[in-house]
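Q: Chains as they are written, first to last, in our numbering: chain D, 16 to 214; chain R, 577 to 676.
(1) So, helix, strand or coil for residue 665 of chain R, using DSSP?
(2) Taking residue 603 of chain R as the reference, which of R:652, R:667, R:657 and R:628 has the closest Cα?
(3) Just mark residue 103 of chain D as buried or exposed, buried being the case when its beta carbon has 16 or more other beta carbons within 10 Å.
(4) Quick one: is residue 647 of chain R near chain D, going by C-beta distance under 8 angstroms?
(5) Who does residue 640 of chain R pair with in a DSSP beta bridge?
(6) Could you pull the DSSP bridge partners for residue 201 of chain D from this structure?
(7) Scan the stretch 56 to 85 of chain D for residues whose Cβ lies nearer than 9 angstroms to a Cβ of chain C and list them as they occur along the chain.
(8) Kindly provide the ranges of any alpha helix (DSSP H) runs that are 4 or more residues long and lie completely inside the stretch 129 to 208 of chain D, ordered along the chain.
(9) Which residues in chain R have a C-beta closer than 8 angstroms to the C-beta of residue 102 of chain D? List them in chain order.
(10) Listing by chain order, which chain D residues have their CB less than 9 angstroms from the CB of residue 628 of chain R?
(11) Could you tell me which chain R residues have their CB closer than 9 angstroms to the CB of residue 31 of chain D, listed as they occur along the chain?
(12) Spatial neighbours of residue 196 of chain D within its chain, please: CB distance less than 8 angstroms, with the 5 preceding and 5 following residues excluded, ordered by chain position.
(13) What separation, rounded to the nearest whole angstrom, lies between the Cα atoms of residue 73 of chain D and residue 49 of chain D?
(14) Note down the Cα distance separating residue 35 of chain D from residue 599 of chain R, rounded to an integer number of angstroms.
(15) Distance check for residue 100 of chain D and residue 635 of chain R, CA to CA, integer angstroms please.
(16) Shortest alpha-carbon distance to residue 147 of chain D belongs to which of D:39, D:158 and D:54?
Structural data, given as structure tokens:
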């Protein structure tokens with residue numbers, strides 16, 4: 016077969032292989048919207064629990080956000096390939112989500128939860144998950160978010176009630192809303208840059 | 577003079593080569609994503625995927641996601657090995673051409 020092939024044909028095939036493997040590995044998944052969704056969910060839960068004084072506001076909002084996340088992910092990933100990096104990052108967040116659900120459910124039902132404990136645990140868990148994700152993706156911006164969550168967690172151990180609330184609101188704003196919008200813009204720019212590679 | 581390696585005819589087709597390379601970079605991929613990335617038609621892509629499947633280079637799983645049918649493809653270990661050997665053969669051919 017190779018008798019009829021020119022050097023250019025051979026080089027073209029090598030280039031095609033390289034381009035296609037790179038295209039597959041390039042992360043095409045979009046995660047930015049999840050940060051924004053959960054940021055909004057935290058705000059809804061904080062404002063709702065303050066206004067209604069009902070202990071069920073937090074669990075109901077979190078479970079609703081969880082269901083919405085799963086449904087949208089399933090709908091979005093129909094046409095997207097599953098990559099190893101995507102799988103790793105997804106696994107990290109699922110594990111963190113299960114941990115948070117169990118811890119907060121136990122703390123809530125035992126009556127041992129208060130604002131300081133909640134922000135400390137949530138901040139520490141979001142800090143470690145963001146940091147692990149940032150290290151896998153080599154993404155400094157996400158590591159900065161992890162640092163903000165850790166700072167918020169530590170501050171919640173020492174700060175007064177209102178101060179802790181303000182710190183928590185600020186951390187949600189920067190690490191969920193701002194970071195999520197930034198990630199979405201980055202993902203949309205990347206999608207525009209890499210279109211179809213015709214074989 | 578060393579004998580030049582043969583190129584695997586199953587992988588040699590440009591579309592089959594593109595598909596196998598795409599699958600080498602992901603865990604698994606849906607038919608529509610492969611079609612979008614290669615810019616091929618349903619019929620052509622389906623036929624080439626079938627050849628790769630018959631050779632044991634890709635595996636397919638039919639499933640339903642949100643009540644919609646999906647064909648999910650993944651490269652097999654045999655396919656990965658064949659692609660690696662194909663790349664080595666290409667490099668050897670290019671090397672021999674340069675030496676000449």
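Note that the Cβ used here is the ideal one computed from N, Cα and C, for glycine as well.
A: Working from what's here:
(1) helix
(2) R:652
(3) exposed
(4) no
(5) R:645
(6) For residue 201 of chain D, which the question treats as bridged, DSSP gives no partner whatsoever.
(7) Protein chains in the displayed structure are D and R, and chain C is not among them.
(8) 130 to 152, 155 to 173, 176 to 187 and 194 to 208
(9) 603
(10) Neighbours of residue 628 of chain R on chain D: none; closest Cβ ~13 angstroms, over 9 angstroms.
(11) 590, 593, 594 and 597
(12) 47 and 51
(13) 18 angstroms
(14) 8 angstroms
(15) 21 angstroms
(16) D:158
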